[in-house]
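Taking it in order: structure first as structure tokens, then the write-up.
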Amino acid sequence: MQGSVRASSVIALLAALWVGAAAADTPRRVVSINLCTDQLAMLLAAPGQLVSISHLARDPRSSAMVVEAAAYPINRASAEEVFLLAPDLVLAGSFTAPATLALLDRLGVPVVQLPPAATLEDVGAHLRLIGTALGREAVAEELAAQFETELAALRVSPDHRPRAALYGANGYSSGVQSLPGQVLQAAGFDNVATELDMDGGGMIALEQLILADPDLVIGGSRYPGHSRAEDVPRHPALRELRAGGAGLSDADWVCGTPHVLQAVARLVAAREGLTP
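First residue of the sequence shown: 808, per our numbering; consecutive thereafter.
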């Protein structure tokens, strides 16, 4: 769990750095250039405060808030484009292009970077962090508390825990030290990746997965076009293992937002549909 501890420490440090900012003037023009900060900002910002979000927020394959995103102008995360929007705060991810961040820094534009969510606990922490950055602490606290209450109600500890595998393009899977892995655990499944000594993320060979014989294989979104990597999780040999129909959209859990509750609920339903 060292990776989760480090991520939580980073979040705590960022939150501490923004305590002083909370007492300063609330930002009036906020631009988000990251898919996850897009969604958190749409949940938290005051009317008129958020002036632009990234184009990814309108992509239904990765965004859980496509309908809401239609109300905002979009950007493609270039420093020049963002600067012309005259923001007094930019929300970015920890993997935002360094060149973009460096140029915004040279231009004197304040930036808050959000690390990826690695645990379900990070959802509340991220809401509170972005809420502080926007001067919307009370709204953030209310949403975080509501999320934590609803998550507690969904969590299950069944006597029988079916074995499931998360299996995406090129055989990519997620272990317990990842947001999808934690969603799987909260829904009452044991993760086959743990049996294969995978705590974070990595590849599971098709043969390994078949030999592991999970009760359920959970796939993600399929993207347009043709890719051999996307053929792997749809190999005919997995047809029986995928019979439970627990396919989830990447939008369900690609970001640490309250929308991950939808993924937990769907997997709880899938577990209940399995024969013990």
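Think of the CB as a built atom: it goes at the ideal place given N, C-alpha and C, for glycine as much as any other residue.
Assigned exposure category for residue i - 16 Cβ within 10 Å defines buried
i	result
Leu1091	The structure shown does not extend to residue 1091, since the chain is modelled only from 808 to 1083, so the question has no answer here.
His967	exposed
Met1010	exposed
Ala1070	buried
Phe902	exposed
Arg913	exposed
Arg1078	buried
Gly1052	With a pLDDT of 48 at Gly1052, under the threshold of 50, the modelled position of that residue is not reliable, and the figure given next carries that caveat. Per the 10 Å Cβ criterion, exposed.
Thr956	exposed
Ala884	buried
Ala924	buried
Leu1018	exposed
Gly900	buried
Ser964	exposed
Ala906	exposed
Residue i - DSSP class collapsed to helix/strand/coil
i	result
Met1010	strand
Asn841	coil
His1066	coil
Val1061	coil
Val858	strand
Leu1018	helix
Val1071	helix
Val918	strand
Inter-residue CB distance, residue i and residue j (contact presumed, cutoff 8 angstroms)
i	j	result
Pro1021	Ala945	Not really, about 44 angstroms apart at Cβ, beyond 8 angstroms.
Ala886	Leu863	The pair is not a contact, with the Cβ atoms about 17 angstroms apart (cut-off 8 angstroms).
Leu934	Ala951	4 angstroms
Residue-chain proximity (residue i, chain B), Cβ-Cβ < 8 angstroms
i	result
Pro987	Going by chain labels, chain B is absent from the structure shown, which holds only one protein chain.
Residue i Cβ short of 7 angstroms to the ligand FMN heavy atom set
i	result
Val916	This structure does not include the ligand FMN; it has no bound ligands of any sort.
* How do the region 929-942 and the region 867-875 stand: do at least 3 beta-carbon pairs fall below 8 angstroms, yes or no? -> no
* Using 8 angstroms as the Cβ pair cut-off and three pairs as the minimum, do the region 837-851 and the region 1061-1077 touch? -> yes
* To do: Check whether the region 833-840 touches the region 853-872, counting contact only when three or more Cβ pairs, one atom from each stretch, lie closer than 8 angstroms.
  => A contact is defined here as three or more CB-CB pairs under 8 angstroms, and the region 833-840 meets this definition with respect to the region 853-872.
* What alpha helix (DSSP H) runs, 4 residues minimum, are completely inside the region 868-912? -> 873-876, 886-891
* Note down, one range per segment and in chain order, each alpha helix (DSSP H) of at least 4 residues found wholly within the region 935-1005. => As far as the region 935-1005 is concerned, its whole alpha helix (DSSP H) runs of at least 4 residues are 944-961, 986-993, 999-1002.
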